[in-house]
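To start, the structure under review is shown below, and the notes come after it.
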DNA sequence: ATTATTGTATTAAGTGCTTAATACAATAAT
DNA sequence: ATTATTGTATTAAGCACTTAATACAATAAT
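Protein chains in written order, with the numbering used here: chain A, 15 to 144; chain B, 15 to 144.
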């Protein structure tokens with residue numbers, strides 16, 4: 015998973031989400047050192063200030079910690095990561111379900127459409143994690 | 015369903031989505047007259063210019079049409095609405111699934127978590143459409 | 001005929017996001 | 001000791017979005 019930034023939402027907000035994803039999914043391991051702000055910014059093709067803004071936020075949430083001049087590190091607290099992962103998942107599911115229900119889909123419709131698209135994703139381009 | 019606008023995304027984009035929802039879900043019936051730009055803007059607590067911007071977009075997509083000084087109307091083309099509804103649903107499902115898969119959830123995990131939250135929504139505050 | 005309502009357009013101001021260009025202090029690396 | 005790298009801060013500029021305040025033309029309502 016690389017950096018996927020769209021123009022219809024603030025970049026810093028998208029960076030926060032994608033950094034959370036990278037941490038929760040293990041792209042950055044517990045306790046490991048993050049690339050520097052400047053490197054991350056270059057990697058994501060973003061201004062260092064913008065990346066910094068996202069990192070500060072993750073730090074406030076307890077997912078990262080800073081050692082003054084040696085860099086930033088992922089928390090060693092596995093529970094913290096699990097909780098964030100769970101929080102993100104619940105938010106995603108709720109938002110999604112509310113939209114689908116507002117569109118007029120029934121419980122059955124929702125589930126059947128999901129399995130249908132899951133099949134498509136399994137068959138086609140997507141990856142094998144499903 | 016009322017107007018629910020958050021500050022982390024352009025308002026006009028959210029208006030487009032929610033107008034699409036209102037049309038697809040039947041809040042505004044096929045062929046019926048929309049409230050005026052000014053009234054819609056007041057209803058959504060938004061500047062008329064911003065509402066106008068959203069309406070113009072829906073018109074470009076064929077969901078609305080304008081009669082110069084008597085107002086705007088929902089299309090009478092039922093297929094158009096069905097297509098839009100289907101398009102929105104597919105987008106929502108894909109986006110959702112990609113996020114969940116990136117988070118590391120398996121197909122089984124996703125489905126079981128959805129049914130779990132659907133149960134919660136059915137029991138608790140949400141409505142009876144599920 | 002007059003009035004009110006429709007969509008539409010314009011201009012100016014304010015705000016937040018983003019970038020670019022710097023700079024500084026602390027410390028790891030040499 | 002010197003140098004490079006770290007996070008951090010500041011300032012100025014540009015941009016899109018939003019609002020407010022108007023205004024205009026067309027036509028429905030009176």
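Every residue gets a Cβ at the ideal spot worked out from N, C-alpha and C, and that includes glycine.
Every value quoted in this text rests on a predicted model; they were computed, and no experiment measured them.
I think residue i touches residue j, with their Cβ atoms under 8 Å apart; what is that distance to the nearest whole Å?
{"i": "residue 131 of chain B", "j": "residue 107 of chain A", "result": "5 Å"}
{"i": "residue 114 of chain A", "j": "residue 103 of chain B", "result": "7 Å"}
{"i": "residue 19 of chain A", "j": "residue 25 of chain A", "result": "6 Å"}
{"i": "residue 65 of chain B", "j": "residue 77 of chain B", "result": "At roughly 15 Å, the Cβ-Cβ gap does not stay under 8 Å, so residue 65 of chain B and residue 77 of chain B are not in contact."}
{"i": "residue 23 of chain B", "j": "residue 22 of chain A", "result": "7 Å"}
I'd like to know whether the C-beta atoms of residue i and residue j end up nearer to each other than 9 Å.
{"i": "residue 73 of chain A", "j": "residue 17 of chain A", "result": "no"}
{"i": "residue 39 of chain A", "j": "residue 118 of chain B", "result": "yes"}
{"i": "residue 91 of chain A", "j": "residue 35 of chain A", "result": "no"}
{"i": "residue 128 of chain B", "j": "residue 111 of chain A", "result": "yes"}
{"i": "residue 61 of chain A", "j": "residue 55 of chain A", "result": "yes"}
{"i": "residue 71 of chain B", "j": "residue 98 of chain B", "result": "no"}
{"i": "residue 121 of chain B", "j": "residue 136 of chain A", "result": "yes"}
Please report the residue range of the beta strand (DSSP E) in which residue i lies.
{"i": "residue 78 of chain A", "result": "78-81"}
{"i": "residue 87 of chain B", "result": "85-88"}
In terms of residues, what are the limits of the alpha helix (DSSP H) holding residue i?
{"i": "residue 91 of chain B", "result": "No alpha helix (DSSP H) contains residue 91 of chain B, which DSSP labels as neither H nor E."}
{"i": "residue 71 of chain B", "result": "62-74"}
{"i": "residue 126 of chain B", "result": "121-137"}
{"i": "residue 53 of chain B", "result": "51-57"}
{"i": "residue 27 of chain A", "result": "25-38"}
Residues of the region 22-50 of chain B with Cβ closer than 8 Å to any Cβ of chain A, in chain order: 22, 23, 24, 27, 35, 38, 39, 40
At a CB distance below 9 Å, what residues from the region 99-112 of chain B approach chain A? Give them in sequence order. 99, 102, 103, 104, 106, 107, 108, 109, 110, 111, 112
Contact the region 43-53 of chain A vs the region 79-88 of chain A: 3+ CB pairs below 8 Å: yes
Give, in chain order, every residue of the region 60-92 of chain B whose Cβ lies closer than 9 Å to some Cβ of chain A. none
Tell me which residues of the region 113-134 of chain B have at least one Cβ-Cβ distance to chain A shorter than 8 Å, keeping chain order. 113, 114, 115, 116, 117, 118, 119, 120, 121, 124, 125, 127, 128, 129, 131, 132
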